[in-house]
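This report refers to the structure that appears directly beneath it.
In our numbering, the protein residues as written are 57 to 333.
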């Protein structure tokens, strides 16, 4: 029996949720573990969905307090909301909705998490960044790096319009393919490459040769926490930043937005360990 099973769900329980095309269990276990630890009358449930407009209407109609938004809805959800926090407006991407008496405000805690990780890992703003991907998470990562002073970078993306737009926003370059553009001091994967259960779960986002020449390798994919990219980087002795670090920090900031309560560091560590099992 897990800690989450101790939730005393009743008609007054506050509901929070997440929506994604391919949901994981991390958020559900993380939030529910903290609800029990802190004695909060909340419950959290993940949903795999396709109809984001229907989801937002349901959040509003049912009084759902908070809703995490994952791929592929981080940009499509914006026109359906009432207000954008600066963290979401600056990026043009949403990963969190907070419902206050029917008023839906959007945030981007991915951006906040990346800011914290840049500081935690002492990433050097003089580094040349090669960032693969240009979706909602790519916007959050690239924007956080830009705002931390990273001026040299390239966005590697098959979608030329999105790739060029993101590159221009950061003052970086864009490139459509990877083989001749992979060398960088900081390699960042923000694509689904290496994600468990996907068609490319065994695919490296960067070549072993590029990894060997990198200063740091950063993969935002959290499932598994040890992606093929992270495994290869560790094998070569490269410093890494993992998707598990990202998902844990962004989930913590969502928890605070939903509940108004900030857990202790020990409570967060316990929740992360519980969510991983």
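For every residue, glycine included, the Cβ atom is placed at its ideal position computed from N, Cα and C.
These numbers come from a predicted model, not from an experiment.
Check: For residue 179 and residue 247, believed in contact at Cβ under 8 Å, the rounded distance; Outcome: No, residue 247 and residue 179 are not in contact; Cβ-Cβ is about 20 Å, not under 8 Å.
Check: Opening and closing residue of the alpha helix (DSSP H) in which residue 192 lies; Outcome: 192 to 203
Check: According to DSSP, residues forming a beta bridge with residue 67; Outcome: Its beta-bridge partners do not exist; DSSP assigns none.
Check: Simplified DSSP assignment, three categories, for residue 147; Outcome: coil
Check: Span of the beta strand (DSSP E) around residue 137; Outcome: Residue 137 -> no beta strand (DSSP E), and no H or E assigned at all.
Check: Buried or exposed (CB count within 10 angstroms, at least 16 for buried), residue 106; Outcome: exposed
Check: Distance, residue 152 Cα to residue 123 Cα; Outcome: 6 Å
Check: Check whether residue 70 and residue 103 have beta carbons under 8 Å apart; Outcome: no
Check: Supposed contact pair residue 244 and residue 206 - C-beta distance, whole angstroms, cut 8 Å; Outcome: Rounded, the Cβ-Cβ distance is 10 Å, inconsistent with contact.
Check: In DSSP terms, what residue 352 is bridged to; Outcome: Only positions 57 to 333 of the chain appear in the structure, and residue 352 is not among them; the question remains open.
Check: C-alpha distance - residue 58 paired with residue 286, whole-angstrom precision; Outcome: Note that residue 58 scores 45 on pLDDT, short of 50, meaning its location in the model is unreliable; the coordinates nonetheless yield the value given after this. Spanning the two alpha carbons is a distance of roughly 30 Å.
Check: Near the ligand NAP: residue 153 beta-carbon under 7 Å from a heavy atom; Outcome: Annotation note on the ligand NAP: not contained in the displayed structure, which lists no ligands.
Check: Secondary structure of residue 114, DSSP reduced to three states; Outcome: helix
Check: Beta-carbon contacts of residue 64 that lie in its chain and below 6 Å, excluding the five residues immediately before and after; Outcome: none
Check: Exposed unless 16 or more other CB atoms sit within 10 angstroms - verdict on residue 292; Outcome: exposed
Check: Same chain, Cβ closer than 7 Å to residue 257, neighbours up to 5 away in sequence not counted; Outcome: 250, 251
Check: For residue 88, the first and last residue of its enclosing alpha helix (DSSP H); Outcome: 82 to 94
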